[in-house]
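*Asks:*
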Amino acid sequence: MFTVDLTHYHPGSRMYLREISGREELSASICDHAATCAWTADILRCLTLAVPGGRAADACWQLSLAARDEVLIALYSHTFGCDIEGQVHCAHCDQTIAMAFDVATFRTEVADSAAAAAARAGELRRLTDRDGFVGTAEIPFRLPTIEDQLAVAQLPPEQAAEHLLQRCLLSEPTAPLTANHHADAHNSTDAHNSTDAHNSTDAHNSTDAHNNAPIDHVAVAPARSARTAPRTAPLDDAQRHHLDDAMAALAPLFDIDVQLSCGACGANQLTRVEIGAHLCRALVREREVLMREVHLLATSYHWSLAAILQLPRPQRHRLVSLVQQERSARWMS
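Count along the sequence shown from 1, add 3, and you get the number used in our numbering.
1. For the beta strand (DSSP E) containing Glu-22, list its first residue and its last residue.
2. Where do the ends of the beta strand (DSSP E) carrying His-92 lie?
3. So the candidates are Gln-157, Ile-149 and Val-113; which of them puts its Cα closest to the Cα of Asp-35?
4. Taking the alpha-carbon positions, what's the Leu-246 to Tyr-12 distance?
5. Suppose you measure from the CA of Leu-167 to the CA of Pro-147; what does that come to, to the nearest Å?
6. How many angstroms separate the CA atom of Val-74 from the CA atom of Phe-104?
7. When the Cα of Ala-301 is compared with those of Val-323, Ala-122, Arg-316 and Ala-280, which residue comes out closest?
8. Pull the bridge partners of Gln-262 from the DSSP assignment, please.
9. Buried or exposed for Trp-42, going by 16 or more other Cβ atoms inside 10 Å?
10. Given Phe-83, which residues of its chain have a CB within under 6 Å of its CB, disregarding the five upstream and five downstream residues?
11. Tell me Val-7's beta-bridge partners as DSSP assigns them.
12. Asp-72 and Ile-278 look like a contact to me (Cβ under 8 Å); what is the Cβ gap, rounded to whole Å?
13. Out of curiosity, what's the CA-to-CA distance linking Arg-316 and Thr-10?
14. Using only alpha-carbon positions, find the residue among Arg-21, Gln-90 and Cys-40 that is nearest to Leu-273.
15. Does the Cβ-Cβ distance between Ala-254 and Cys-93 come in under 8 Å?
16. On a Cα-Cα basis, can you pick out the residue from Gln-313, Leu-308 and Glu-296 that is closest to Arg-325?
17. Out of His-81, Ile-46 and Gly-25, which has the shortest C-alpha to C-alpha gap to Thr-6?
18. Candidates Ala-120, His-244 and Ala-114: which alpha carbon is nearest Glu-165's?
19. In the DSSP assignment, the beta strand (DSSP E) including Phe-104 goes from what residue to what residue?
20. I'd like the span of the beta strand (DSSP E) that includes Arg-128, first residue to last.
21. Go ahead and label Thr-39 buried or exposed: buried means 16 or more other beta carbons lie within 10 angstroms of its beta carbon, across all protein chains shown.
22. Note down the Cα distance separating Cys-63 from Asp-151, rounded to an integer number of angstroms.
Here is the structure:
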């Protein structure tokens with residue numbers, strides 16, 4: 004088990020996850036955006052451990068997209084370390100461009116993007132009952148969730164963005180507003196970004212602490228109610244831009260454009276980097292390694308495929324190492 008710090012979304016909040024196993028590793032595949040969204044949602048549902056009130060797997064679907072990305076980058080770091088690697092094809096000459104950076108750099112890019120959005124968005128305030136937020140456009144809204152994204156994932160990109168925004172608009176607030184500037188959130192982000200995602204995941208052995216671990220109230224969107232009913236009045240372009248900036252300032256996603264240069268032709272191009280897709284690709288790249296590990300354990304212990312795939316990844320690696328050491332010792336003797 005390991006933990007993910009969600010303090011940026013709510014003080015003292017953590018999520019508790021089990022180790023990834025061969026079953027989740029085999030489920031990864033390189034596919035389109037909609038399928039990747041569904042896969043990351045399923046991964047979190049499978050890995051999240053129980054919390055009070057039975058809100059484990061079900062509550063994951065109500066995580067804000069920003070909280071989801073925080074969990075995914077922590078999972079990536081916990082599984083593969085802090086280096087993020089990948090390959091893309093040059094749009095001009097079709098040669099392969101290698102891409103490599105670390106989690107700290109990723110966090111810095113995301114924080115810079117959020118700061119720029121905050122400067123554009125202006126003052127943001129939280130509704131007193133925590134249903135959502137309101138900005139200078141005076142349009143109440145909540146943060147988009149995994150469930151929201153899945154509901155629009157099959158639509159064309161422009162339609163999906165419009166429908167996602169509409170799902171997050173709220174009716175006019177009936178409670179007074181309290182000042183809660185985005186600067187406070189970004190001070191929390193700066194403190195959070197001072198350590199990498201790998202350090203934010205730690206072993207947690209206390210059963211009592213685990214049984215009392217809440218999923219963040221801000222990271223988890225509220226159920227719809229009379230107060231949080233969808234807004235029906237249409238938005239103009241300025242209001243849409245303001246809401247986009249407000250959401251990006253409050254809860255930035257690990258989903259940014261990175262400029263790459265092709266070593267073959269020298270052309271520059273922007274490449275979208277999204278942490279869920281990178282986690283998926285990293286698991287796919289290790290598919291052959293997983294198969295060899297399964298074969299080694301099956302021939303050594305005579306376990307079934309299902310039994311081996313149920314092993315937590317660190318335990319499977321340790322057993323493979325022991326078998327290899329024993330075989331090496333026999334070969335040397």
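All C-beta atoms in this analysis are idealised placements derived from N, C-alpha and C, irrespective of residue type, glycine included.
*Replies:* Let me spell this out:
1. Note, Glu-22: premise wrong, no beta strand (DSSP E); not H, not E.
2. Run containing His-92: 86 to 92, per the beta strand (DSSP E) assignment.
3. Gln-157
4. 18 Å
5. 7 Å
6. 19 Å
7. Val-323
8. For Gln-262, which the question treats as bridged, DSSP gives the partners Leu-273.
9. buried
10. Ala-285
11. Met-18
12. 6 Å
13. 27 Å
14. Gln-90
15. no
16. In the sequence on display, residue 325 carries Leu and not Arg. Of Gln-313, Leu-308 and Glu-296, the residue nearest in Cα terms is Glu-296.
17. His-81
18. Measuring from the Cα of Glu-165, the nearest candidate turns out to be His-244.
19. 99 to 105
20. 128 to 130
21. buried
22. 12 Å
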